[in-house]
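K.L.:
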Amino acid sequence: MNRIRPFAVASLSSLFSLSMAAAALAAPAPPEVVRPPGSTTAQAVGVLHTLRNIPEACVRLEGLFTGDTAEPYRVEVLPGDRCVQRALYVDARELKAAPSPATHWLLNDRIAVPLAQAPACVATVEIWRKPGTAAPPKLDAQGRARIFLDKPQTTDGLPRFSAVLDVSSACKSVPKAG
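To convert, count from 1 in the sequence shown and add 216; that's our numbering.
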């Protein structure tokens, strides 16, 4: 009678789990916000357009195809008015490490904006979110959570958002609109 040795079964299961882990690392995780392909309108050079509002951080991201081969696309971060900030927006260039799952950031959204004059020229903006660790204030002796306005509040535990721009190589040869 053929018997399967326990060692062989254990090594097969560990081999399977290793292959599953490798596949998970190789495939990038889909963003939290899923957009259908072609859902972004093609934009002309010099036309300022809104990419995304981030109401938690009270900011709006706007994009612009510049027509300049050195910097073909530019993203501007504009603060919102009359907004209660529940998260922070952090410039990706100011971070010690680029946003990635390895640094505990989650891919929140991926926006691909094609250039109207050259559809192969695509600016892709990835919006990353780092969950916060903020907790409700502790209850006082009367069982109420109190926030005192004269005491400074820390922003350490707030969620963070950041955006990373990637421009396709086809954008490097697009002539300036004139």
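Ideal Cβ positions, reconstructed from N, Cα and C, are used throughout, including at glycine. These figures come from a predicted structure and were not determined experimentally.
Which ranges would you report for the beta strand (DSSP E) in the segment 327-364 if only whole runs of at least 3 residues count?
P.N.:
338-346
K.L.:
Under the rule that 16 or more other beta-carbon atoms within 10 Å means buried, what is Ala240, buried or exposed?
P.N.:
Below a pLDDT of 50, predicted positions are generally treated as unreliable, and Ala240, at 47, falls in that range; no measurement from the model is reported.
K.L.:
So, Arg268 versus Ile327, is the Cβ gap smaller than 8 Å?
P.N.:
yes
K.L.:
Select from Val300, Ala314, Val329 the residue whose C-alpha is nearest the C-alpha of Glu278.
P.N.:
Val329
K.L.:
Residues in the same chain with beta-carbon distance under 6 Å from Ala387, minus the five sequence neighbours each way, listed in chain order, please.
P.N.:
According to the sequence as given, residue 387 is Cys; it is not Ala. Hits under 6 Å: Pro288, Cys337.
K.L.:
Below 8 Å between beta carbons: does that hold for Pro375 and Leu323?
P.N.:
no
K.L.:
Counting C-beta neighbours from all protein chains within 10 Å, is the total for Thr349 16 or more, i.e. buried, or is it exposed?
P.N.:
exposed
K.L.:
Is it true that the segment 339-359 meets the segment 309-322, where meeting means three or more beta-carbon pairs spaced less than 8 Å apart?
P.N.:
Note that the segment 339-359 touches the segment 309-322; at least 3 beta-carbon pairs, one per stretch, sit closer than 8 Å.
K.L.:
Using 8 Å as the cut-off, can you tell me whether the segment 358-368 makes contact with the segment 251-266, which would need three or more C-beta pairs spanning the two stretches below that distance?
P.N.:
no
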